[in-house]
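**Student:**
Residue numbers (the UniProt record's numbering): 1 to 114.
1) Can you check which of these residues, 8, 7, 21, 9, is closest to residue 103 by C-alpha distance?
2) Out of 12, 50, 89, 71, state which residue places its alpha-carbon closest to the alpha-carbon of residue 124.
3) Starting from residue 103 and walking both ways along the alpha helix (DSSP H), at which residues does that stretch end?
4) Taking all protein chains shown into account, decide if residue 42 is buried (16 or more other Cβ within 10 angstroms of its Cβ) or exposed.
5) Can you give me the C-alpha to C-alpha distance between residue 78 and residue 99, rounded to a whole angstrom?
6) Kindly indicate the opening and closing residues of the alpha helix (DSSP H) around residue 69.
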């Protein structure tokens, strides 16, 4: 998904963050919103989507702050994945998997010096 204008070292993380943002928004809309028992899942999905979107923005412009945001994103993605894993719905399972992929890419990006 990343364009040729994005720095090569940022592309995999940017793609993972964009995919995770979409998965979290979809999970929130299709599962969490309609079920009051999933309020914490809904909150985590929305928070995760927001932080992923911020990572996409910072990674796209090659910001020196991207690695710090990616560190936070990795933590939030892990929390969101753990919460989504509690539910046996396709959207939740897909969201959890996407969050784990994003966390892995964000941890790698956070380890790269700016």
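The C-beta atom is built at its ideal place from N, Cα and C for all residues, glycine as well.
**Tutor:** On the basis of the data shown:
1) Looking at the Cα atoms, 21 is the closest of the given residues.
2) For residue 124 there is no data in the structure shown, the boundaries of the chain being 1 and 114.
3) Residues 90-110.
4) Counting Cβ neighbours within 10 Å, residue 42 comes out buried, since at least 16 surround it.
5) A straight-line Cα-Cα distance of about 7 Å links residue 78 and residue 99.
6) Note, residue 69: alpha helix (DSSP H), 66-84.
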